[in-house]
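The listed protein sequences derive, respectively, from chains A and B.
Terminal number for the first sequence in my numbering: 280, no gaps in between.
Terminal number for the second sequence in my numbering: 280, no gaps in between.
Ideal placement from N, C-alpha and C gives every residue a C-beta, glycine not left out.
There are 2 protein chains.
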Amino acid sequence: MRGLATHPAARGLADDCAVLDLGSESLVLTHDTLVEGIHFLPGQDPADVAWKLVATNLSDLAAKGAEPLGVLLGYQLGTDDPRFVAGLDEVLSHYGVSLLGGDTVGAAGPQVLGLTALGRATHRPVPSRAGSRHGDRIWITGPVGAALLGLEALQAGDGESTAYRRPQALLAQGWALAPFVTAMMDVSDGLLLDASRMALASCVTFAIEQASVPIATPEARRDDALRWGDDYQLLFTLPGNHESPVPANCIGIVHERGPAPLLLDGKPPSGKLGYEH
Amino acid sequence: MRGLATHPAARGLADDCAVLDLGSESLVLTHDTLVEGIHFLPGQDPADVAWKLVATNLSDLAAKGAEPLGVLLGYQLGTDDPRFVAGLDEVLSHYGVSLLGGDTVGAAGPQVLGLTALGRATHRPVPSRAGSRHGDRIWITGPVGAALLGLEALQAGDGESTAYRRPQALLAQGWALAPFVTAMMDVSDGLLLDASRMALASCVTFAIEQASVPIATPEARRDDALRWGDDYQLLFTLPGNHESPVPANCIGIVHERGPAPLLLDGKPPSGKLGYEH
């Protein structure tokens, strides 16, 4: 968050979620904005947009091992509001989450949709990006690249696009993992970029073996899959001798901090690592 | 919130704030969106916009007697982001509130800014709009119409515009009032409209005496002052024999529900009561 992140009060903006202790509970809070033409396609089904808006915020809670308490919506009226409401209904029911409040505005220009999700931590300390240690192993809950294929199918008007349109928030996996992980985050902007961020936050170097990363694309597009976002798998580290309590793939190991935060098959990857905001 | 308000999960949208019990605490949550050209003037000082965005949400918390815990910001980049940050810093420092998180997006079109404010109730049950009873007296914490004069001064480029640019959230008043009020809300959309909403929510009729309403405008503009918004005074009802624990003016009494929710000097007011979203 340019400019704002330098503000002493704005430290929370560097991470996806804020954690706030309140009485006997720890609250986990996240806010994301989707903009038409940037985060979703103009003309995309508003029901899918509603799904994505909610699911991506819940995914942030999943990465904190948090149980959702509800969401607040900042809704800019669009071309088919009833269809948005239908999708909102579907995603809220699917995750058993309440719409606690929000507001509606009319405005010209691309549709801007904001959502705040609120959860309670199921385990404390709440996992962050900053706990990976030398000797940990790096894990991911499932393949990357499915959303990339889904977007291409949607743009082509042909083929399976669910992974792009209706991402899943891995809440149950996050709850199961929270007591054991040394660090955790959801992969929203590309595996290489997000892994690099986690390594930087933890002051370590991540060494990832390309071939061990599960991908949803053909092998020829492995590199795209590792740099594409929107899959919302959980990326986490566990002490070296721990197995994952949920199905997951070990994709590398954590070293002491070297010259580069990320090594791919032993070398710093070149080019764009993912989707930079 | 058209469409959404009919959703069973969307009941919270009918009120300004959501209240959520969590452990030993009650959380109070509100989300408001400001749109350039609708809620603030194009070209208005971004520092003032930041102030208003935060203060209006904190005002919602004030009306619930809630103590702010922090805010989350959905920020669409504008023409002078450092100036926005300066105003944000100022308002957060003024109220001692933390920026917990949020995100930044770039988009064409008018600037859309969303803010979620989170607080903890200082008194339970948390005051709502729906508790006014026959025999209560109706109170307001201060004059209406100052923001109207401020807007006019700002548009004219001459005169005192602080009341419009930098509204105050009456947090201390809200905390002091919460244990005693039968209903409370902040006046954001015009006194007559908001009073009518409170009466409807409480299933009663409010009888307001025009002359007893404190106004910041000349007497000739009393009618404007009663219908204009943006002043963020607290409107509340107390049992008939109670005096207000904070400086406030008694402006009327509560009757059993009659044919109209609101009477002004004994008659239902005609015309537009305030700012309808």
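{"Check": "With 7 Å set as the bound, which would you pick, yes or no: does the beta-carbon of Asp161/A sit closer than that to a beta-carbon of chain B?", "Outcome": "no"}
{"Check": "If I follow the unbroken beta strand (DSSP E) through Trp142/B, where does it start and stop?", "Outcome": "140-143"}
{"Check": "Could you check whether the Cβ of Val38/B sits closer than 7 Å to any Cβ belonging to chain A?", "Outcome": "yes"}
{"Check": "Can you say whether Ala251/B is buried or exposed, counting buried as having 16 or more other CB atoms within 10 angstroms of its CB?", "Outcome": "buried"}
{"Check": "Does DSSP put Arg123/A in a helix, a strand or coil?", "Outcome": "strand"}
{"Check": "Check for me: the beta strand (DSSP E) holding Leu238/B runs from which residue to which?", "Outcome": "237-241"}
{"Check": "Excluding the 5 residues preceding and the 5 following Ala89/A in the sequence, name in chain order all residues of the same chain whose CB lies nearer than 7 Å to its CB.", "Outcome": "Ala50"}
{"Check": "Please go through the same chain and pick out, in chain order, the residues whose beta-carbon is closer than 7 Å to the beta-carbon of Gly277/A, but skip the five residues on each side of it.", "Outcome": "Asp192, Gly193, Leu195, Leu196, Asp197, Arg230, Gly232"}
{"Check": "The beta strand (DSSP E) spanning Pro71/A covers which residue range?", "Outcome": "69-79"}
{"Check": "Do we get a CB-CB distance below 7 Å when we pair Ala325/A with the residues of chain B?", "Outcome": "Only positions 4 to 280 of chain A appear in the structure, and residue 325/A is not among them; the question remains open."}
{"Check": "Applying the criterion that 16 or more other CB atoms from any shown protein chain within 10 Å of the CB defines a buried residue, is Asp24/B buried or exposed?", "Outcome": "exposed"}
{"Check": "Under a CB-based cut-off of 7 Å, is Glu28/A close to chain B?", "Outcome": "yes"}
{"Check": "Buried or exposed, going by whether 16 or more other CB atoms sit within 10 Å of the CB of Ser205/A?", "Outcome": "buried"}
{"Check": "Listed from N- to C-terminal order along the chain, which residues in the segment 100-120 of chain A have their beta-carbon within a distance smaller than 7 Å of any beta-carbon of chain B?", "Outcome": "Ser101, Leu102, Leu103, Gly104, Gly105, Asp106, Thr107, Val108, Ala110, Ala111, Gly112, Pro113, Val115, Gly117, Thr119"}
{"Check": "Hey, is Leu75/B's beta-carbon within less than 7 Å of any beta-carbon in chain A?", "Outcome": "yes"}
{"Check": "Given 8 Å as the limit, is there contact between the segment 126-145 of chain A and the segment 94-108 of chain A, that is, 3 or more CB pairs closer than that?", "Outcome": "no"}
{"Check": "Indicate whether Gly105/B and His34/A have their beta-carbon atoms separated by less than 7 Å.", "Outcome": "yes"}
{"Check": "Find the residues of chain B that neighbour Ile256/A, judging by a C-beta separation of less than 7 Å, and give them in chain order.", "Outcome": "Correct list: empty, because the minimum Cβ distance to chain B is about 31 Å."}
{"Check": "How would you list, in chain order, the residues of chain B whose beta-carbon sits under 9 Å from the beta-carbon of Gln79/A?", "Outcome": "Thr36, Val38, Val115"}
{"Check": "On the premise that Leu37/A lies in contact with Cys20/A, defined as a C-beta separation below 8 Å, what is that separation, rounded to the nearest angstrom?", "Outcome": "17 Å between Cβ atoms; not a contact."}
{"Check": "How would you call Asp161/B, buried or exposed, if buried means at least 16 neighbouring beta carbons within 10 angstroms?", "Outcome": "exposed"}
{"Check": "Report the rounded CA-to-CA distance for Asp48/A versus Trp54/A, giving the unit in angstroms.", "Outcome": "10 Å"}
{"Check": "Does the segment 256-266 of chain B come close enough to the segment 145-152 of chain B to have 3 or more Cβ pairs within less than 8 Å?", "Outcome": "no"}
{"Check": "Work out the CA separation of Pro85/A and Gly6/B for me, nearest whole Å.", "Outcome": "In this predicted model, Gly6/B has a pLDDT of only 42, less than 50, meaning its place in the structure is not dependable enough to derive any value."}
{"Check": "From the beta carbon of Leu64/A, is the nearest beta carbon of chain B less than 7 Å away?", "Outcome": "no"}
{"Check": "Please report the distance separating the alpha-carbon of Thr208/B from that of Gly138/B.", "Outcome": "10 Å"}
{"Check": "So, are the CB atoms of Ala30/B and Val74/B less than 7 Å apart?", "Outcome": "The question names Ala, yet the displayed sequence has Leu at residue 30/B. No, the pair does not count as a contact, with Cβ atoms beyond the cut-off."}
{"Check": "Can you find a CB in chain A that lies within less than 7 Å of the CB of Ala21/B?", "Outcome": "yes"}
{"Check": "Straight-line CA distance for Leu286/A to Tyr167/A?", "Outcome": "The structure shown does not extend to residue 286/A, since chain A is modelled only from 4 through 280, so no value can be given for it."}
{"Check": "On the criterion of 16 or more Cβ atoms from any shown chain inside 10 Å, does Val22/A qualify as buried, or is it exposed?", "Outcome": "buried"}
{"Check": "So is Gln158/B buried or exposed if we call it buried at 16+ other beta carbons inside 10 Å?", "Outcome": "exposed"}
{"Check": "Can you give me the Cβ contacts of Gly243/A inside the same chain, cut-off strictly under 8 Å, excluding the 5 residues immediately before and after it?", "Outcome": "Gly138, Asp139, Arg140, Ile256"}
{"Check": "Just to confirm the assignment: which complete beta strand (DSSP E) runs, minimum length 3, are found wholly within the segment 10-58 of chain B?", "Outcome": "21-25, 28-38"}
{"Check": "Rounded to the nearest angstrom, what separates Val57/A and Leu95/A at their Cα positions?", "Outcome": "8 Å"}
{"Check": "Measuring only the C-alpha atoms, how far is Lys67/A from Leu267/A?", "Outcome": "26 Å"}
{"Check": "Leaving out the 5 sequence neighbours to the left and right, which residues in its chain are closer than 7 Å to His245/A when beta-carbon positions are compared?", "Outcome": "Phe183"}
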